[in-house]
Structures are given as C-alpha cells and as structure tokens.
Amino acid sequence: MGIEKMSLLTIEGPVGDLDGALMACCRSREFQMSSNGSVLRNLNEQNPYQGTYSKIHDMAVNLKIEPAYCDFSKIPYETAEDFDGYFESISAKYDDLSEKLEEVSRTLEEHKTTDNYLHHLVGLDVSFHDLFSLKYVKLRIGRLPAENESKLGYYASKCFVFVPFERTEDYVYGIYLVPKNASEFADSMMNSFGFERTKLPDYLEDNAENADKKLADMIAAETAEKEAVEKELSDLAESLKGDFNAVLCKLKYKSECFELRKNAIVLTEKFSFTGFCPARECKKLRAELEKASPYIQCLEIPIEKKGASESVPVRLKNNWFVRPFEMFVKMYGLPSYSAFDPTPYVAVTYMILFGLMFGDVGQGLVVTLLGLLLTKLTKNGLAPIMTRIGLFSMMGGCIYGSVFGIETIIPPIYHRENIWNGVCSLFGGLGISKHPESIFDVAVVILLFALAIGIVLILISMIFNMVLKFKANKRSEAVFSVNGLCGIVLYASLVTGLVCQLLYGIPVMNAVYVIGLIVLPALMIFFREPLMNLVDHKKSEEPFKIGSFIIGNFIELFEAAISFLSNTMSYLRVGGFVLSHAGFMLVVSQLAGVTSNAPVTAKTVIVYIIGNIVVMGVEGLLVGIQVLRLEFYEIFSRFYDGNGKDFKPVEIKLDS
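Quick note on the numbering used here: the sequence shown kicks off at -8 and runs consecutively.
1. Closest to residue 205 by CA distance: which of 102, 554, 162 is it?
2. Enumerate, from N- to C-terminal direction, the unbroken alpha helix (DSSP H) stretches of 4 or more residues contained entirely within the stretch 364 to 440.
3. Run through DSSP, which three-state label would residue 288 get?
4. Identify, in the order they occur along the chain, each residue of the same chain with its Cβ nearer than 6 Å to the Cβ of residue 618, setting aside the five sequence neighbours on each side.
5. Note down, one range per segment and in chain order, each alpha helix (DSSP H) of at least 4 residues found wholly within the stretch 288 to 356.
6. Can you say whether residue 349 is buried or exposed, counting buried as having 16 or more other CB atoms within 10 angstroms of its CB?
7. Which word fits residue 23, buried or exposed, when buried means at least 16 other C-beta atoms lie within 10 angstroms of its C-beta?
8. Can you give, in chain order, each stretch of the alpha helix (DSSP H) that sits fully within the stretch 148 to 207 and has at least 4 residues?
9. To the nearest angstrom, how far is the alpha carbon of residue 104 from that of residue 95?
10. Report the rounded CA-to-CA distance for residue 477 versus residue 471, giving the unit in angstroms.
11. Please name the residue, chosen from 459, -3, 490, 175, that lies closest to residue 440 on a Cα-to-Cα basis.
12. Classify residue 133 as helix, strand or coil using the three-state DSSP reduction.
13. Would you list the one or two residues that DSSP bridges to residue -7?
14. Can you tell me which of the three DSSP states residue 264 falls into?
15. Is DSSP giving residue 578 helix, strand or coil here?
16. Less than 9 Å separating the beta-carbons of residue 296 and residue 328?
17. Under the rule that 16 or more other beta-carbon atoms within 10 Å means buried, what is residue 640, buried or exposed?
18. Which two residues bound the contiguous alpha helix (DSSP H) that contains residue 258?
19. Excluding the five sequence neighbours on either side, which residues of its own chain have a C-beta within less than 6 Å of the C-beta of residue 262, listed in chain order?
20. Under 9 Å between the Cβ atoms of residue 548 and residue 516?
21. Given a threshold of 16 other Cβ atoms within 10 Å of its Cβ, counted over all protein chains shown, does residue 100 qualify as buried or as exposed?
22. When the distance is taken between beta carbons, is residue 189 closer than 9 Å to residue 252?
23. Per DSSP, what are the beta-bridge partners of residue 4 in this structure?
24. Are the stretch 13 to 20 and the stretch 278 to 289 in contact at 8 Å, needing three or more beta carbon pairs?
25. For residue 326 versus residue 632, is the C-beta spacing smaller than 9 Å?
26. Quick check on DSSP: helix, strand or coil for residue 508?
27. Assuming residue 559 and residue 446 form a contact by the criterion Cβ under 8 Å, report the distance between their Cβ atoms to the nearest whole angstrom.
28. Spatial neighbours of residue 85 within its chain, please: C-beta separation below 7 Å, excluding the five flanking residues on both sides.
29. Cβ of residue 555 within 9 Å of Cβ of residue 455?
30. For residue -2, which beta-bridge partners are listed by DSSP?
31. Assign residue 574 to one of two classes, buried (16 or more other C-beta atoms within 10 Å of its C-beta) or exposed (fewer than that).
32. To which residues does DSSP link residue 37 through a beta bridge?
33. Name the two residues that bound the continuous alpha helix (DSSP H) containing residue 66.
34. Does DSSP put residue 641 in a helix, a strand or coil?
35. In this structure, does DSSP put residue 500 in helix, strand or coil?
36. Would you mind sorting residue 503 into buried or exposed? The rule is 16 or more other CB atoms within 10 Å of its CB.
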C-alpha cells in the first residue's frame, strides 16, 4: 500500500517509427509524457487527420453509431489520403440521404406549425385567396395577449376591426381588417398591444377548415417520407458497423498521436521523448513498443522516493478494502511522490468515527446492502465506501444495543454489568450511575470517550508529522515545530495533567512537571526560529527585531494553544451525534405510539419504516460530512500537505 513506484523512461528510434511509438504508449495507458518545451523541425505541421476524423465522427453521431474502442489492427489505412478515400467512398449515399432528410424535416416542421395555427381559425368560412385579394382592405392574421383584448374597446371608433376566433388562457387568436390608407396606424397600434402576426403560405387558398384538411394530408405524406429516409439511413448504419468503428478508432489514434509529436525531439532522423511509467507496468509498455517496431528502444531509470522531484506524478496503490477512500485523499490533494499516502489512515479513522456516530445494527445493514447494490449498478465512488461504513455502523450499533432504534433486542454496553462496572470504576469521580436506564443517562461517559478519541487521533497525527519530517531530513522542524516533538510533549503533558488532576485527583501538576513538560516545550516552540537556525547552521536572512519577534512568536504560540483546544473540542461532535441518533429514534418511537405493553399495529410498522428512512437519509448525510470535516481540519492539517500531481497517462478517448 502507498504510492506506486515510478520509472522515468526515454523512448527513441527512427523518426519513421515515431507515430507507432506514440500509438503504443497510448494503447498501454500506462505512460505520461513529459513536454520538452521546444518545437523542433518537421514537428510543427498541421494535423492532417483532424478534419477527416471530425467528418467521420459527425457521420457516426448522425447515423447513431456509438463510437467505441475496438481492434483496428486489420484496417489497412495509414495516411490521411487513405482515410479521405474511405470517407469519400461512403459519403455519397450518406450525403444524399442526409440532405433529403433535412429537407423533408424542415418542410414537415413548417407544415406542422402552420397546421397548428389553422386550428385556431376554424370557423373562418371565407377562402384565404379571397381575403388576401382584397383591393382596398389589408388583412392581418395572428394572436393577441388575452389581457390586452379589452383595450381594443378604446379604439372602437377607429377604422379597423378585430375578429376573434378562439380564446385560450393566454392568447386570443383572430384577424383584423383595416383600410389600406390606415394600415400603418393599425399595425403600429396592434404591435404596441403585443399582437403577433403570422403569415400563411401562398398555397392555402381555401377556407380554414379545408386548408386544415389539405395540410393534414400533406403532413401524413411527409411523415411517411421522413420515416422511409430514416429507415434507409438506419440500413446504411447497419451495413457500416463492421469496419466503421475500427476505422474511426484508428483515425482517432492517428490524430491524437500526431498532436503528441510536439513533445518529441527529432535530430538526425531519430526521435526521442521521455515520460513516466509505473515501474511494474514497464514490461507491458515495452511489449507494446516491440509490437510497433523492433527498432524502438526504451531506457528505464527507476526513481527513488527520497529526494524525488515534485514533477514526478503520483498514482496511489492500495488494497481493495481501503482503495475507495482514495477519493477523499484526492479531494484534499494528492501527496507528493516522496511523501506519505494517508489513505489507510483515512480509511480506518473514517470508518471508526462514522460507525461510532451512526451506530445502529439495522440501519448499518441497510447502508451496507445499498452500497453493494449501487456498486453493482453504478460507478459512483461513494457506493463502496457506503458498504464499509455500514459494517462499522453495525459494530457501533452492537455497542449501543440499537437495531433500527429498538434497544431491547441487543443489550447495550451500559446494561452489561461486567463491562459497565469497569467503566464506573474508571470514571468513578464523576458519580456515574451504576444502573443507567437509557443512553441519555451515560451522556457524560459518551462525551468523555469522544474527547479521548480526539486526543488519541491528534497525537497520532502529530507523531506522523514528526516521523515524516525526520524522513525528509527536516530534523529541526520535527523537533521544534508545533506539530513536532515539542508540540507532542506539550499537548500530551497538558492533557495528562488535567485528566489526573481533575478526574482522579492525582496531584501531578507540581513545579517539576509544569516546568519540565509544559513550560520548557512551550519556550522551545516560542524560540523555534533561532533554535532551528542553530541546528541547521543557518543565518537568519532578515534583521533581528526583538519587538516583532516577541509579538509574532507569542501570537503563533497562542494560536497553537487555541488550535489544541478547538481541535480537541471538535471531537465532542462524535458523542453529540451518538446522542442525537438516540434522540431521533426516540421521537420516531413516540410518533409510532410504542409503549412496553402496546401491541404492534400497521401504523407502528409504517411510522417506524418512514422514520428510519428519514433518519438514515438526514443523519447519514450529516455524519458523513462531519467525519470528513474532522479528517480534513483536525487530522490532515497536522501532518499532510497535498501538493502532488496526478498521474495522467496518455490515452485516446473516442468521445472526446
């Protein structure tokens, strides 16, 4: 588990094999090219494949042929002219059918629009030919917003008349007639009222009803013609499916690989380019290169993690159980190649915290089964995470004795006398009841347990930071920083002292303890800059000013103390959600009318089902977000710096 080991590869060979080498790298999907930042001779040509690919791809879309990767080794075409010839051989019939389909579709749409308008004019028993042939009168057909019809009454004395034929909720459909010499005034006024004019085609000469029948016959004939053309296009697509996808696939490879040529160096008829490949995949890449040409050579240089450049890409490698949690690491930022992969730590802490905060055997089982189902049906990255956190929720439910909110099936931990007596003796100073009836009676223990979890996780995160700094040869930071050795001693001493003093009455906070384990580490953090310079044998680049030094370091030390307190208190939300879950389910049981002697009714079952669904949806989402917040702000912030670059191998995607 961790970060995949990378190798730096240099691939070279005769310039004639450049395209073959690039295609082999794309097929392997395990090679990331490095740009050389220069444009050398004969590598700045215009891509000859792009235009043909676009045309064939558009044809595939129009023919509803789904572009997909397939073996193209048997396709004989190599040059751009070869692919152009293939396109010309199939485009003649396709272009003819496409033009015919476009024309009939356009005409059909026009006729449908006109016919839809004529429906509103049924009742006009005068032929359109006679109306449009009037010598002294102008005719306008259209629709008027319904709220503006009443305004026409103010213009009743004017020399035009509006005749409505049909009213809808929003519009009044009709015609208005006006003498020619007053048409400009009438048109301007009707436009101001929002009148939308429609021009009917010249071939409509009969009245509205007969014209509507004529259009219906034309639409039926054109619909049949359109279906016939679509059938011919479908038959053409079926006949092309054999080699068409393979040609498209090879052409896409050729086109994309041509674009990659700018990253290659060409000199004296030889090419060379470099890139990264996972060490365990180098053999597979070599096999692809040998398949392309026996004259291509591949030089491998393994990269050591210690002191590796930040330009080395990162690919995480984890086992099947923790791999889904890589999504959260990538959300925060990948680690650098020489750093530490926190995925296993994230997986364990996330599952434990979620299981404690959302502890219910029944609901955890539902979440697990739902995660399994979604994993099978979708590619959602959260689905496998749901499967795992559901299992830990079931474990948490065994602790609280909760099965779909019912606490009488499994005895909770506070009803198991042997265990609870030990808890009471541990926290005896708090006056905990030895015979609690519900989880709310043990709220103090739950909150203290949540704080204890937070303290442990914070200390582990600080220890991680210290170890990583030592590994990176940053010894002074590992010792004197807030999250280094001094910070660990300071935080652990404060917690231990307060717990012993307040909880158990053990007077450990004496002068030696306070000075040696609290004051001294705090002073070392305060004076960390000069101490680090002393250890690293460095001189400060800025002039020393005692005032700014004291103020700046005091503020940073005070901020560190506040962060210790706030980060620790943040874990109270773990206990808070345990109690809120119990509270939610208590509300559900009261709504269902459950009592100790009440019979189980259909209402009880329905309310319990609906209540559990609501709780799983709302609380599951909130708990998931809150645990992620704890991971990012209280854990990652202490040791992790996500500044790595993702490994992005060159590959060809037909849908791009």
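All residues carry an ideal CB built from backbone N, CA and C; glycine is no exception.
In short:
1. Counting from one through the sequence shown, the residue named residue 205 turns up at place 214. Residue 205 has its Cα closest to that of 102, out of 102, 554, 162.
2. 373 to 391, 408 to 417
3. For the purposes of this step, residue 288 is taken as the residue at position 297 of the sequence shown. If DSSP states are grouped into helix, strand and coil, residue 288 belongs with the strands.
4. Here residue 618 is taken as the residue at index 627 of the sequence shown, counted from 1. Taken in chain order, the residues that qualify are 341, 344, 345.
5. 317 to 323, 334 to 348
6. The residue labelled residue 349 in the question sits at position 358 within the sequence shown. So residue 349 counts as buried.
7. For the purposes of this step, residue 23 is taken as the residue at position 32 of the sequence shown. Under this definition residue 23 is a buried residue.
8. 174 to 183
9. For this step, residue 104 is matched to residue 113 along the sequence shown. For this step, residue 95 is matched to residue 104 along the sequence shown. Their backbone Cα atoms lie some 14 Å apart in a straight line.
10. Mapped onto the sequence shown, residue 477 falls at position 486. Mapped onto the sequence shown, residue 471 falls at position 480. Roughly 6 Å separates the two Cα atoms.
11. Translated into positions along the sequence shown, residue 440 becomes position 449. When only C-alpha atoms are compared, the closest one is 490.
12. Here residue 133 corresponds to residue number 142 of the sequence shown, with the count starting at 1. Here residue 133 sits in strand by DSSP.
13. Along the sequence shown, one-based indexing puts residue -7 at 2. 308.
14. Within the sequence shown, residue 264 is the residue found at index 273, counting from 1. In the structure shown, residue 264 sits in a strand (DSSP, three-state: E or B).
15. The residue you call residue 578 lines up with position 587 of the sequence shown. Helix, per DSSP.
16. Numbered from its first residue, the sequence shown carries residue 296 at position 305. Numbered from its first residue, the sequence shown carries residue 328 at position 337. Contact: yes.
17. As a first step, residue 640 is located in the sequence shown; it is residue number 649 there, counting from the start. Answer is buried; the Cβ neighbour count reaches 16.
18. If you number the sequence shown from 1, residue 258 lands on position 267. Here residue 258 belongs to no alpha helix (DSSP H); instead the beta strand (DSSP E) covers 256 to 258.
19. Here residue 262 refers to the residue found at position 271 when the sequence shown is read from its first residue. So the qualifying residues of the chain are 6, 9, 255.
20. Here residue 548 refers to the residue found at position 557 when the sequence shown is read from its first residue. Here residue 516 refers to the residue found at position 525 when the sequence shown is read from its first residue. Contact: yes.
21. Looking up residue 100 in the sequence shown gives position 109. Exposed.
22. As a working note, residue 252 is residue 261 in the sequence shown. As a working note, residue 189 is residue 198 in the sequence shown. No, these two residues do not count as a Cβ contact at 9 Å.
23. Taking the first residue of the sequence shown as 1, we reach residue 4 at position 13. Note: residue 4 sits in a beta bridge opposite 262.
24. yes
25. On the sequence shown, position 335 is the one that residue 326 refers to. On the sequence shown, position 641 is the one that residue 632 refers to. Cβ distance < 9 Å, so residue 326 and residue 632 count as in contact.
26. As a working note, residue 508 is residue 517 in the sequence shown. It is helical.
27. Locating residue 559 in the sequence shown gives position 568, where the first residue counts as 1. Locating residue 446 in the sequence shown gives position 455, where the first residue counts as 1. Sure, about 6 Å apart at Cβ, within 8 Å.
28. The count along the sequence shown starts at 1 and reaches residue 85 at position 94. Closer than 7 Å at the Cβ level, and outside the excluded window around residue 85, lie 50, 227.
29. Working through the sequence shown from its first residue, we reach residue 555 at position 564. Working through the sequence shown from its first residue, we reach residue 455 at position 464. No.
30. Mapped onto the sequence shown, residue -2 falls at position 7. Paired residues: 268, 293.
31. To locate residue 574, count along the sequence shown from 1; it is residue 583. Exposed.
32. The count along the sequence shown starts at 1 and reaches residue 37 at position 46. Partner(s): none; residue 37 has no beta bridge.
33. In the sequence shown, residue 66 corresponds to position 75, counting from 1. Per DSSP, residue 66 belongs to no alpha helix (DSSP H) and is neither H nor E.
34. Position 650 of the sequence shown, counted from the start, is the residue given in the question as residue 641. Coil.
35. Sequence index remark: in the sequence shown, residue 500 carries index 509 (1-based). The answer is coil: DSSP assigns residue 500 none of H, G, I, E or B.
36. As a working mapping, residue 503 is identified with position 512 in the sequence shown. When all chains shown are included, residue 503 counts as exposed.
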